[in-house]
Amino acid sequence: MYQLLTDSCCDIPYEILNEHHVDFISMYVSINGEEFADDLGKTFKIQDFYEEIRNGAMPTTSQVNVGRYVEFFKKYAEMKMPILYLCFTSGMSGSYQSALQAVEIVKEDFPEAEIHVFDTLAASGGQGLMVYEAAQKKQAGMTLSDLLSWLKENRLRYQHWVTVDDLNHLQRGGRISKTSAAIGGLLHVKPIIDVDTEGKLRTLEKIRGRKKALQFLADKIISTTENSTEQSIFITNSDAMEDALTLKEMIEEKISVKEVQIFPLGTTIASHTGLGCIAVFTRGVERV
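Per UniProt numbering, the sequence shown starts with residue 1, numbered consecutively.
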């Protein structure tokens, strides 16, 4: 017996995590002077959060600190339950290092505790898909040791393809210049972003027009998915369900897959992308 853990950057609704017996720790988001836990829709309506952004709010986020990780891990150490924590990529947050520090603290009181902190090098639905597949393998009887080996072997096969619609939001967050946002808006430029082998975001293309950007994402998923009939594909979106459904149709017109699931982009990730973000994830060829 062992317990799978993750964090709210996985962007899987809490109902699905509960169904698969995965516990999670929440990042914190501040908006309009108030701080709340990103609990994946359990108590906070994500649509209300989107409306706040639409009305001009500029949310900020904070990573999980060492103390909260200590409490998160300690309850399983007290039960003598081995744990495997699939953590938000170290390429975008210091949470991974905080989790490692917490393990050392917990082991001061529980030296026999078995705590594995796994850097997913993934985010949003990429991390979520990894968690989802790990939970399925655990339920099928895979041992903790074998699951760790499988994750290490497949970690860089989780593909992330993202387009962001709200350049003004990126500008307000200091991610692009005001001039770039203005010119990009006039030209209807949609950046194409992926996650590299270090788990960091990188901009690969700048495409004019939303429909062309969606087609680019579809083409990338189609070309990078291996053994498609055995694969699950996740699509996340920040208040762009119509485009998410369009992307789903584009993919299913070309390849057959086991399933395509669409989820809202969680409040932590959406704080950095703004509205209109579409991201699609699969397990396929290794990232380059």
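Built from N, CA and C at the ideal position, the CB exists for glycine as well.
First and last residue of the uninterrupted beta strand (DSSP E) at leucine 5: 3-7
Distance CB(leucine 86)-CB(glutamine 136) smaller than 8 Å: no
Enclosing alpha helix (DSSP H) for aspartate 219 [first to last residue]: 210-224
Enclosing alpha helix (DSSP H) for alanine 244 [first to last residue]: 241-254
Residue interval of the alpha helix (DSSP H) (run including asparagine 154): 144-154
Residue burial classification, methionine 79 (beta-carbon count within 10 angstroms, cutoff 16): exposed
Contact under 8 Å by Cβ, alanine 275 with arginine 54: Alanine is not the amino acid found at residue 275; the sequence shown has leucine there. Yes, Cβ-Cβ distance for leucine 275 and arginine 54 is below 8 Å.
Where arginine 287 sits in the DSSP three-state scheme: coil
Boundaries of the beta strand (DSSP E) in which glutamate 259 is found, first to last residue: 259-264
Cβ pair arginine 283, arginine 157 closer than 8 Å: yes
Cβ contact (3+ pairs, closer than 8 Å) linking the region 247-263 and the region 226-235: yes
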